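Please read the structure below before turning to the comments.
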């Protein structure tokens with residue numbers, strides 16, 4: 001598989017029906033008009049990444065690479081490219097405003113549904129969403145589609161869109177002026193390098209930093225604070241239960257496709273590892289050149305022989321991990337992998353994760369890596385929702401999360 005196809009899925013735009021594999025190291029989703037005046041203003045000269053006070057009623061925030069954005073009212077329509085921002089829209093009360101995803105809506109929507117199934121009253125209607133990327137094995141987003149959608153806000157990284165064929169910085173500015181502003185940051189996923197014209201103003205954030213800024217733009221900072229408190233408590237629970245470093249497993253994370261493993265490093269920076277880095281496990285690929293552009297066949301992976309293998313996009317997403325595990329087990333070399341022999345080959349997270357996804361994916365990974373400390377991860381069948389864990393085995397309170405999303409009083 002060539003790198004363009006790998007990049008295609010890693011940016012969250014692959015179609016499962018097309019059978020495209022993912023990769024594991026790329027980050028990859030005229031003058032003012034009356035419409036612009038009605039919707040928003042972008043403040044020039046604001047230092048990107050600097051938190052800004054939220055004026056009443058409060059639809060203002062700042063984040064690199066665009067700087068400060070202020071909406072005159074709550075957005076009624078959102079163009080979204082990545083699940084990261086779809087999840088944030090749902091978390092902060094704007095799921096119904098989403099009108100698009102960058103890829104097949106069913107594939108991404110199914111993943112969100114898998115987690116939301118365990119949150120009372122939380123859902124995401126994706127049936128009629130537009131698909132921004134035209135698919136067909138390459139990344140192509142038509143500028144005219146943004147005019148057709150006529151969104152109040154483009155909740156996506158303009159630097160990412162500018163990296164696609166047929167786009168220039170002038171096109172980004174045109175859409176901001178004639179349709180609505182951009183607000184997003186996706187290269188923080190792996191701290192990857194954005195396109196050349198965006199590098200000076202770019203900054204990297206954690207997942208929860210980005211969430212805080214998006215919530216501020218939505219006037220939903222209180223909800224964000226409540227969800228962040230759940231996250232903080234979950235991290236504290238995990239840290240308190242971690243075994244000594246000498247007893248932690250070596251872990252490989254990545255994607256298998258057609259007999260080839262595409263690895264990523266679990267402790268590398270970026271929100272793409274927000275579900276696994278806090279677990280403090282031993283990175284099986286530490287000290288190697290594993291990452292975007294590297295591949296392992298069965299023989300070379302057996303030389304590393306990790307205790308645990310986490311297969312990305314494993315929860316109601318692109319890959320049937322149980323079937324992949326069976327294929328590996330039936331290979332004379334793949335079957336010798338310790339993770340296969342010891343039944344520690346698991347369906348794992350979607351790296352382009354928002355705050356709600358992250359809570360479940362942290363819990364899942366804790367159970368997969370440290371079953372003695374946090375309880376065993378149950379069997380998972382492709383297409384099922386996130387497992388219904390007994391209340392005593394949950395690492396965070398589902399009702400507390402659902403109440404925060406609904407805006408219910410504490």
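Residue numbers (full-length UniProt numbering): 1 to 410. Idealized CB from N, CA, C, for every residue including glycine. Since this is a predicted model, take the numbers as computed values, not measurements.
| message | Counting beta carbon pairs with one atom in the region 313–321 and one in the region 102–120, are three or more of them shorter than 8 Å? | response | In short, these stretches touch, since the Cβ pair count reaches three.
| field | Residue burial classification, residue 193 (beta-carbon count within 10 angstroms, cutoff 16) | value | What you label residue 193 is simply residue 193 of the chain shown in a count that begins at 1. Looking at its Cβ environment, which holds fewer than 16 other Cβ atoms inside 10 Å, residue 193 is exposed.
| Between which two residues does the beta strand (DSSP E) containing residue 68 stretch? | Start at 1 with the first residue of the chain shown, and residue 68 comes out as number 68. Looking at the DSSP string, the run of the beta strand (DSSP E) that includes residue 68 is 67–71.
| message | For residue 176 and residue 368, I'd like the C-alpha separation in whole angstroms. | response | In the chain shown, the residue the question calls residue 176 occupies position 176. In the chain shown, the residue the question calls residue 368 occupies position 368. Cα-Cα distance, rounded: 44 Å.
| field | Residues near residue 208 in its chain [Cβ-Cβ closer than 6 Å; skip 5 each side] | value | Residue mapping note: residue 208 aligns to position 208 of the chain shown, counting from 1. Within the same chain, residue 208 has close Cβ partners 228.
| query | Are at least three pairs of beta-carbons, each pair with one atom in the region 142–161 and one in the region 236–245, less than 8 Å apart? | reply | They do not touch, by the three-pair rule.
| Min CB distance residue 233 to chain D below 8 Å | Absence of chain D from the displayed structure is noted, only one protein chain being present.
| Residues bridged to residue 254 [DSSP beta-bridge criterion] | Your numbering for residue 254 matches position 254 in the chain shown. DSSP, once it has assigned bridges, lists 263, 311 as partnering residue 254.
| What is the DSSP secondary structure of residue 349, reduced to helix, strand or coil? | Here the question's residue 349 lines up with position 349 in the chain shown. Residue 349 falls in the coil class under three-state DSSP.
| field | residue 157, buried or exposed, once every other Cβ within 10 Å from all chains shown has been counted against 16 | value | Here residue 157 corresponds to residue number 157 of the chain shown, with the count starting at 1. Burial check for residue 157: the Cβ neighbour count within 10 Å reaches 16 or more, so the residue is buried.
| said: Does residue 144 pass the burial test, meaning 16 or more other C-beta atoms within 10 Å, or should it be called exposed? | reply: Position 144 of the chain shown, counted from the first residue, corresponds to residue 144. It counts as exposed.
| Quick one: is residue 408 buried, meaning 16 or more other Cβ sit within 10 Å of its Cβ, or exposed? | Taking the first residue of the chain shown as position 1, residue 408 is located at position 408. Flag for residue 408 reads exposed.
| Segment limits, beta strand (DSSP E) that includes residue 63 | Position 63 of the chain shown holds residue 63. That run of the beta strand (DSSP E) goes 60–63.
| task | Specify whether the region 288–308 and the region 332–352 touch according to this definition: at least 3 beta carbon pairs, one from each stretch, less than 8 Å apart. | result | Because the criterion of three Cβ pairs below 8 Å is met, the region 288–308 and the region 332–352 touch.
| task | Just list the alpha helix (DSSP H) runs in the region 326–403, keeping only unbroken ones of 4 residues or longer that don't cross its boundaries, in chain order. | result | 338–341, 355–369, 371–374
| Excluding five sequence neighbours on each side, which residues of the same chain lie with their C-beta closer than 6 Å to the C-beta of residue 202? | Counted from its first residue, the chain shown places residue 202 at position 202. Correct list, in chain order: 64, 65, 194.
| Are there 16 or more other CB atoms within 10 angstroms of the CB of residue 283, so buried, or fewer, so exposed? | Within the chain shown, numbered from 1, the residue matching residue 283 stands at position 283. By the neighbour-count rule (16 or more Cβ atoms within 10 Å), residue 283 is buried.
| Counting Cβ pairs closer than 8 Å, one from the region 214–221 and one from the region 68–75, do we hit at least three? | Contact holds: three or more Cβ-Cβ distances are below 8 Å.
| message | Give me the DSSP bridge partner(s) of residue 134. | response | Working through the chain shown from its first residue, we reach residue 134 at position 134. None; residue 134 has no bridge partner.
| message | By DSSP's criteria, residue 80 is part of a beta bridge. Which residues make up the other side? | response | Position 80 of the chain shown, counted from the start, is the residue given in the question as residue 80. Partner(s): 155.
| field | Residue from 85, 397, 393 with nearest C-alpha to residue 211 | value | Against the chain shown, residue 211 aligns to sequence position 211. Residue 211 has its Cα closest to that of 85, out of 85, 397, 393.
| field | Euclidean distance between Cα positions of residue 162 and residue 189 | value | For the purposes of this step, residue 162 is identified with residue 162 of the chain shown, where counting begins at 1. For the purposes of this step, residue 189 is identified with residue 189 of the chain shown, where counting begins at 1. Cα to Cα, the separation comes out at about 17 Å.
| request: Please go through the same chain and pick out, in chain order, the residues whose beta-carbon is closer than 6 Å to the beta-carbon of residue 110, but skip the five residues on each side of it. | output: Within the chain shown, residue 110 is the residue found at index 110, counting from 1. Contacts found: 316.
| Within 10 angstroms of its Cβ, does residue 349 collect 16 or more other Cβ (buried), or is it exposed? | The count along the chain shown starts at 1 and reaches residue 349 at position 349. Under this definition residue 349 is a buried residue.
| Given a threshold of 16 other Cβ atoms within 10 Å of its Cβ, counted over all protein chains shown, does residue 170 qualify as buried or as exposed? | Here the question's residue 170 lines up with position 170 in the chain shown. Flag for residue 170 reads exposed.
| If you draw a straight line from the C-alpha of residue 94 to the C-alpha of residue 371, how long is it? | Indexing the chain shown from 1 puts residue 94 at position 94. Indexing the chain shown from 1 puts residue 371 at position 371. Straight-line Cα distance between these residues: approximately 36 Å.
| Quick one: any contact between the region 266–286 and the region 353–360, if contact means 3 or more CB pairs under 8 Å? | yes
| Can you check whether the CB of residue 105 is closer than 8 Å to the CB of residue 126? | Translated into positions along the chain shown, residue 126 becomes position 126. Translated into positions along the chain shown, residue 105 becomes position 105. Taking 8 Å as the cut-off, the Cβ atoms of residue 126 and residue 105 count as close.
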